[in-house]
Amino acid sequence: QKEVEQNSGPLSVPEGAIASLNCTYSDRGSQSFFWYRQYSGKSPELIMSIYSNGDKEDGRFTAQLNKASQYVSLLIRDSQPSDSATYLCAVNTGNQFYFGTGTSLTVIP
Amino acid sequence: DAGITQSPRHKVTETGTPVTLRCHQTENHRYMYWYRQDPGHGLRLIHYSYGVKDTDKGEVSDGYSVSRSKTEDFLLTLESATSSQTSVYFCATGTSGAYEQYFGPGTRLTVT
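Protein chains in written order, with my numbering: chain A, 7 to 115; chain B, 1080 to 1191.
Structural data, given as structure tokens:
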């Protein structure tokens, strides 16, 4: 059983703050890692992918991967009300993807 | 957005009836996936395809079958729908089995 764990939240941050989202996974053979954003009633939207240890930055988003600790995180800087959504962590092993249940983020104006 | 459409977008059906959901993509992606999303369970893989006529099971494949006769189309069939199959179904596509996936808009299926 492949497991991907996320805190369900809800996580609330004030506008302009940094939001920190965390994810752990159980399979050491996992190869690639993704963060998706999902607005209520909509489909998941890819926001970040990361394949090697360290940090990857894209605009206000930074993904961090630590394979030794089996840990992936997503930082959102200068959080905006439009960032309010559920964030899904996904892990790839072989040809299959395993998703966490998501963390609900609310950015308070 | 990978040019993915799903049909129908909403469907209500009765227990015991067969149901087919369609996923169509215009991106020529090799890989296609079917997921279901339920509260408390997140997204779970049902079946996936790695090429025309090449498919494999995911973690929740019981009660479902798939077919892929063309690169652009991936069909999900519920042979005899049950209430436990009430869910939101998402199709996704990708260029390889290890890289990014892109999701379609989803189909909300209710089995009464």
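Glycine is no exception: its CB is placed at the ideal position from the N, C-alpha and C atoms.
Computed from a predicted model, the values in this text were never measured in an experiment.
Pair within 8 Å by beta-carbon distance, residue 1188 (chain B) and residue 1098 (chain B): yes
I need the straight-line Cα distance from residue 1107 (chain B) to residue 1133 (chain B), nearest angstrom please. 15 Å
Outcome for residue 1191 (chain B) when other beta-carbon atoms lying within 10 angstroms are tallied against a minimum of 16: exposed
In this structure, does DSSP put residue 1135 (chain B) in helix, strand or coil? strand
Going along chain B in order, which residues have a C-beta closer than 9 Å to the C-beta of residue 52 (chain A)? 1179, 1180, 1181, 1182
How long is the line joining the alpha carbons of residue 1100 (chain B) and residue 1186 (chain B), rounded to whole angstroms? 8 Å
Short of 8 Å Cβ to Cβ, which residues in the stretch 102–115 of chain A face chain B? 102, 103, 104, 105, 106, 107, 108
Below 7 Å between beta carbons is the criterion; list the residues of the stretch 1157–1179 of chain B that meet it against any residue of chain A, in chain order. 1169, 1176, 1177, 1178, 1179
Going by DSSP, what residue range makes up the beta strand (DSSP E) through residue 57 (chain A)? From DSSP, residue 57 (chain A) is part of no beta strand (DSSP E); its letter is neither H nor E.
In whole angstroms, what is the alpha-carbon distance linking residue 1121 (chain B) and residue 1141 (chain B)? 18 Å
Under 8 Å from the C-beta of residue 1143 (chain B): neighbouring residues of chain A: Under the 8 Å cutoff, chain A gives no residues; its nearest Cβ is about 15 Å from residue 1143 (chain B).
Establish whether the CB of residue 1108 (chain B) and some CB of chain A are separated by less than 8 Å. no
Kindly indicate which three-state DSSP category residue 89 (chain A) falls into: helix, strand or coil? helix
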